[in-house]
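Numbering follows numbering that gives the first Met the number 0, in which position 4 of the sequence shown is assigned residue number 3; successive positions increment by one, without gaps.
For each residue, glycine too, the CB sits at the ideal point set by N, CA and C.
Structure, as structure tokens:
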Amino acid sequence: MSIGAIYNIALTGLSASQQALNITGNNIANVNTPGYTKQDIALSSSEPEYTRSGYMGLGVDVLGVTSRVNSFLEKQLLQGNNSIGKYTVQSDTYSAIETAYNEQNGDGLMTDINGYFNSWQDVASNPDTPEQRNVLISAGNALVSNAKQIQKTFQDLTHSLDVELPKDVDTINTLASDIATLNVNIAREEAGSTHKANDLRDQRGGLLTQLSQLVNFNTLEDNTGQLTVVVGDRNLVTGSIVNKLSQDKTTDGKVKLIMNNIDITDRITGGRLNSVLQMRDNDKNGIPYTLAELQKVVGAITNEVNIIHSSGFGISPTATDITLMNTTPDHTTAGSIDSVKISDFANLAPGDYRIKFTSPNSYDIYRNGSAVSTDNTYAGANTVDFNGVEVHFTTPPNSGDTYYVSARSKNFFNDLTPTASVVKSSTMDVSSVNVYDRTALTYNNYEVRFSDSKNYQLYDIQKGEVTGSGSVIGGDTLLIDGMQVKITGTPQKGDILNVSPTELAVTNAGVAITDPNDVAAAVTSAGSYGDNGNALAIVALSQTAQVKLSNATFNTYYSNIVTTQGGLAKASNDNLTFSQNVQQQLQLQRDSYSGVSLDEEAMNLIKYQQAYQAAAKLVNVTNDILSTLLSLVGR
Numbered sequence: 000m001s002i003g004a005i006y007n008i009a010l011t012g013l014s015a016s017q018q019a020l021n022i023t024g025n026n027i028a029n030v031n032t033p034g035y036t037k038q039d040i041a042l043s044s045s046e047p048e049y050t051r052s053g054y055m056g057l058g059v060d061v062l063g064v065t066s067r068v069n070s071f072l073e074k075q076l077l078q079g080n081n082s083i084g085k086y087t088v089q090s091d092t093y094s095a096i097e098t099a100y101n102e103q104n105g106d107g108l109m110t111d112i113n114g115y116f117n118s119w120q121d122v123a124s125n126p127d128t129p130e131q132r133n134v135l136i137s138a139g140n141a142l143v144s145n146a147k148q149i150q151k152t153f154q155d156l157t158h159s160l161d162v163e164l165p166k167d168v169d170t171i172n173t174l175a176s177d178i179a180t181l182n183v184n185i186a187r188e189e190a191g192s193t194h195k196a197n198d199l200r201d202q203r204g205g206l207l208t209q210l211s212q213l214v215n216f217n218t219l220e221d222n223t224g225q226l227t228v229v230v231g232d233r234n235l236v237t238g239s240i241v242n243k244l245s246q247d248k249t250t251d252g253k254v255k256l257i258m259n260n261i262d263i264t265d266r267i268t269g270g271r272l273n274s275v276l277q278m279r280d281n282d283k284n285g286i287p288y289t290l291a292e293l294q295k296v297v298g299a300i301t302n303e304v305n306i307i308h309s310s311g312f313g314i315s316p317t318a319t320d321i322t323l324m325n326t327t328p329d330h331t332t333a334g335s336i337d338s339v340k341i342s343d344f345a346n347l348a349p350g351d352y353r354i355k356f357t358s359p360n361s362y363d364i365y366r367n368g369s370a371v372s373t374d375n376t377y378a379g380a381n382t383v384d385f386n387g388v389e390v391h392f393t394t395p396p397n398s399g400d401t402y403y404v405s406a407r408s409k410n411f412f413n414d415l416t417p418t419a420s421v422v423k424s425s426t427m428d429v430s431s432v433n434v435y436d437r438t439a440l441t442y443n444n445y446e447v448r449f450s451d452s453k454n455y456q457l458y459d460i461q462k463g464e465v466t467g468s469g470s471v472i473g474g475d476t477l478l479i480d481g482m483q484v485k486i487t488g489t490p491q492k493g494d495i496l497n498v499s500p501t502e503l504a505v506t507n508a509g510v511a512i513t514d515p516n517d518v519a520a521a522v523t524s525a526g527s528y529g530d531n532g533n534a535l536a537i538v539a540l541s542q543t544a545q546v547k548l549s550n551a552t553f554n555t556y557y558s559n560i561v562t563t564q565g566g567l568a569k570a571s572n573d574n575l576t577f578s579q580n581v582q583q584q585l586q587l588q589r590d591s592y593s594g595v596s597l598d599e600e601a602m603n604l605i606k607y608q609q610a611y612q613a614a615a616k617l618v619n620v621t622n623d624i625l626s627t628l629l630s631l632v633g634r
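Laid out in structure tokens, this is it:
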């Protein structure tokens, strides 16, 4: 082996040790850098030289710098971030909903519901005491006020998600742009080389970590080192190209996410973005669900109380206290009603009536949904008289005709105001919606899904299933659970309407009476203080399982709502805690493999320093040998 070969061995040793020291120093400098991956130097013996004595080594080659990356762990960490982002939003939202109900402190709506019906019991026990009637009115106002406050909290939560959503979308787009930029830089740095641009890849990995908190995605790496990032089955990033995410709203106010003019809302899974969408718009477990349930129970209480209250009498009532109405839907009868009058106030039984003609000469009478007389003889003269009410027809009724009329005392609460709106249609609109039979209201919210221009199915939004069907009457009328919806234009297959009896139940809620004498505790028109029959009926109502509320009492139904939300809050908190604990363990595993250990780097410093010193010593020894040889030659 020549002196030059010894020099080469020494110099390669110096160079390798110096590069190793550089890498070690870089590791130490980045010990606290988020997402930094420990780098190692890859060394290999130089190709040996063949001599007569055998193969002699020629030093060391630096093959490159590698990063300690465990792809499986990195993928698990991204999935963990995704879960944490998802459950953080859920936990925050469900906890806020639980706080809004405020049942843990005993100051929630359940207390007001109980207080309201207890006040009716007090009125029934002391019907001749005006003070109890005033307390009852105050209890009704408290119930309404608390319900409005809870609804406002839910609406505020929705607003906060409305603020959060565009921020998340903007962040996703910014991260996508930065990833695309790094794609270009990585491809440029690695072009024509077998070495990886480790620091740039770490930066890109950090961006992917941030992105994983926001939305679930998949990645594909091409042979140039560039990543394709797939979100919702669409390419968010393809090399240097970014397809930005944008948001819009549907006609019913829900958010839709768009990429390349394609709605990908239903394909967004995991992360904050998915949870924000679910909490804001999901009718089965998001804010719309719990809001609809609140509106349903408040609507049921106010409507069912009104039905009974307006069937009784206050103190010293007169005929002017009675509201007379004909609410018969259009296109449903051959005959028509001219007038509704009080024929005998002394024997008047107020209420909501249904007159059903079973033949041209006989009819049945229903009061507040229950039959009160059957097979009554229709004597002609275009008039029927029952329970102190006279109904006059301009056109004689036919067999099968059903008429709806009311002779009501004052309501305790404001009447329900149903709503109807177009979700999807270019040929149809809603002109009006009203309640024609409040005893038939089921308090369910529907999507009316048209199968053609006439027929439709009723999709229960909260249940998530089709529960009924119907047909358009007279070309412009839909009858749904006691509601009449009037439309203009012609529906087409696939058109959708939203119909709700309770969307405004809390918004428009209020106590309709202010005078304690208008509290209808009595069942007779004498309206004496001692008459408590109607008050007892309302007390009984509070204790009766309501078929329209899944056979639960008002109190039980509301309690189930609160319990469900409490369960969701606990589950989301537990899921968040579990995900955080798992992520912590994964991070420890990642740090033990890919992270920088100062103890390990300190040992490497000593090792590479000693190697450098030894290589430098070899240079000195080689110089001495060369000097000796030169001196011998010079003699």
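Check residue i in the structure and name its three-state DSSP category.
i	result
G53	strand
I96	helix
F411	coil
G488	strand
L77	helix
F153	helix
T173	helix
Q17	helix
R67	coil
G252	coil
G509	coil
D127	coil
V30	coil
V230	strand
N259	coil
G481	coil
S425	coil
S245	strand
E292	helix
F216	coil
S239	coil
Q38	strand
D436	coil
To the nearest whole angstrom, what separates the beta carbons of residue i and residue j, a pair I think is in contact under 8 Å?
i	j	result
P490	S452	5 Å
N81	G269	4 Å
E296	I560	For clarity, residue 296 is Val in the given sequence; the question names Glu instead. Yes, they are in contact, since the Cβ atoms of V296 and I560 sit about 7 Å apart, within 8 Å.
K147	V505	6 Å
L293	I149	6 Å
L213	T170	6 Å
D530	V538	Not quite, the Cβ-Cβ distance comes to about 14 Å (not below 8 Å), so this is no contact.
L256	I263	6 Å
I321	P349	6 Å
Should residue i and residue j be called a contact, given that it needs their Cβ atoms to be closer than 8 Å?
i	j	result
I2	L625	yes
T441	V432	no
N533	A519	yes
E600	N31	no
A299	K547	yes
R279	T157	yes
K283	G463	yes
L13	Y611	yes
S372	D363	yes
L478	T416	no
D436	R366	no
Y100	S571	no
Y403	T327	yes
Check the Cβ-Cβ distances between residue i and every residue of chain C, and say whether any is below 8 Å.
i	result
Q491	No chain C is present in this structure, which holds just one protein chain.
Could you pull out every unbroken beta strand (DSSP E) segment of at least 3 residues lying fully inside the segment 530–601, listed in chain order? none
For the segment 486–506 against the segment 68–88, do three or more pairs of beta-carbon atoms, one drawn from each stretch, fall closer than 8 Å, so that the two count as touching? no
Are there three or more Cβ pairs, one per stretch, closer than 8 Å when the segment 384–396 is compared with the segment 336–345? yes
Determine, using beta-carbon pairs with one atom in the segment 477–486 and one in the segment 420–436, whether at least three such pairs fall under 8 Å. Flag = yes, the segment 477–486 and the segment 420–436 touch.
Whole runs of the beta strand (DSSP E) within the segment 299–351, excluding any shorter than 3 residues: 322–325, 335–341
Residue ranges of each beta strand (DSSP E) run of no fewer than 3 residues wholly in the segment 362–394, ordered along the chain? Here the runs fully enclosed are 369–376, 382–385, 388–394.
Can you find at least 3 beta carbon pairs, one from the segment 396–403 and one from the segment 351–361, that sit closer than 8 Å? Contact between the segment 396–403 and the segment 351–361 is present, because at least three Cβ pairs lie under 8 Å.
With a threshold of 8 Å, are at least 3 pairs of Cβ atoms found where one atom belongs to the segment 174–186 and the other to the segment 227–238? yes
Kindly provide the ranges of any beta strand (DSSP E) runs that are 3 or more residues long and lie completely inside the segment 442–483, ordered along the chain. 445–449, 454–459, 464–470, 476–479, all fully within the segment 442–483.
Three or more C-beta pairs below 8 Å linking the segment 215–225 and the segment 185–192: These segments touch.
Between the segment 65–75 and the segment 581–593, can you find at least three pairs of beta-carbon atoms closer than 8 Å? Yes, the segment 581–593 is in contact with the segment 65–75.
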